[in-house]
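Undergrad: Supplied in structure tokens, the structure appears directly below.
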Amino acid sequence: MTETNTGDGGAPLTGCVALVTGASSGIGAATARLLARQGADVALVARRTDRLEELASGIRDLGRACVPLTADLRDAARARRCVDEAAERFGRLDVLVNSAGFVAAAGVEESDPENWERMVDLNLKAVLHTAQQALPHLLRAAAGGPRQVADLVTISSVAGRVARPRNSVYSATKHAVGAFSEALRQEVTGRAVRVGLVEPGMTTTEMTDDPTTGTVARGMPREDWLRAEDVARSIGFMVTQPAHAAVNEILVRPTAQEH
């Protein structure tokens, strides 16, 4: 078991452990760095080992412990095992951030059904598996941890609220995680586990580099889009509220985005 770092008593997440999926780039990587700056030790999950090792090195330079866990979260058993590995390595789990995702923009007629499967597997099923596996750990942390509360945050999207042409299946997965998160919130809120949903608008990440994905921006130039760090700050705000306060949903758009 790895001991958590308790060095910076002024950081709001000192003594806590966070697990971030999709951590090799984009919102996941930015969130992992931010949580480490807020005092958490961090477990990182993604497919690209080299990226995880690079990020882990930077987090350790901040004085925080960090464990990279290579996994394809489309494998349900592996997704669940990552949660337990993180808890075993650190002895606890206080925060889970579900950031892994995939988007393939196309009209229904010309869509590749394999892309549908990948979106459902990563955007929805992986969230279900990691959330269920994390709950016992989060409940224990809420009952006996330094904050007397634990957090489960899922990255959704504006697309979970506003369905658009060429974005149907992605929107469907994000609608689904919104409904799941709200039902789960009601199940565990009385036991001091906060369930949050962060819904970004157009954000510059590797996932949105594909020109076909950019079509849903409706002509808004990329320089006006959010950066991954903007979304990470929203997550940081959500998980550092005092124990009696729960911010359950944050919708964050670029200033220039209309819908």
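Per numbering that gives the first Met the number 0, the sequence shown starts with residue 0, numbered consecutively. The beta-carbon is built from N, C-alpha and C at its ideal position, and this holds for glycine as well.
#1: Looking at the secondary structure, which residues open and close the alpha helix (DSSP H) in which Pro112 lies?
#2: Can you tell me where the alpha helix (DSSP H) with Leu33 in it begins and where it stops?
#3: DSSP three-state label for Gly90, please.
#4: Which residue comes first and which comes last in the beta strand (DSSP E) that contains Gly195?
#5: Between Val107 and the rest of its own chain, which residues show a CB-CB distance below 6 angstroms, the 5 nearest in sequence each way excluded?
#6: On the CB-based measure, 16 or more other CB atoms within 10 Å of its CB, does Gly6 come out buried or exposed?
#7: In angstroms, rounded to a whole number, what distance separates the CA positions of Leu121 and Ala149?
#8: Which residue marks the beginning of the beta strand (DSSP E) containing Pro67, and which one marks its end?
#9: Write down every uninterrupted run of the beta strand (DSSP E) in the stretch 144–171 whose length is 3 residues or greater and which is fully enclosed by it, in chain order.
#10: Pull up the CB-CB distance for Val192 and Leu138, whole angstroms please, since I reckon it's below 8 angstroms.
#11: What residue does the alpha helix (DSSP H) around Val230 start on, and which one ends it?
#12: Lys124: which of Leu151, Asp60, Leu72 sits nearest, CA to CA?
#13: Following the continuous beta strand (DSSP E) through Asp40, name the residue where it begins and the one where it ends.
#14: How many Å lie between His258 and Thr207 at the Cα?
TA: Reading from the atomic positions:
#1: 112–118
#2: 25–36
#3: Three-state DSSP puts Gly90 in coil, outside helix and strand.
#4: 192–199
#5: Ser167
#6: Unreliable positioning characterises Gly6 in this predicted model, as indicated by a pLDDT of 45, which lies under 50. The coordinate reading is nonetheless provided below. Exposed is the call here.
#7: 23 angstroms
#8: 65–69
#9: 149–154
#10: About 6 angstroms separates the beta carbon of Val192 from that of Leu138, a gap short enough to meet the 8 angstroms contact definition.
#11: 227–238
#12: Checking every option, the nearest Cα to that of Lys124 belongs to Leu72.
#13: 40–45
#14: 17 angstroms
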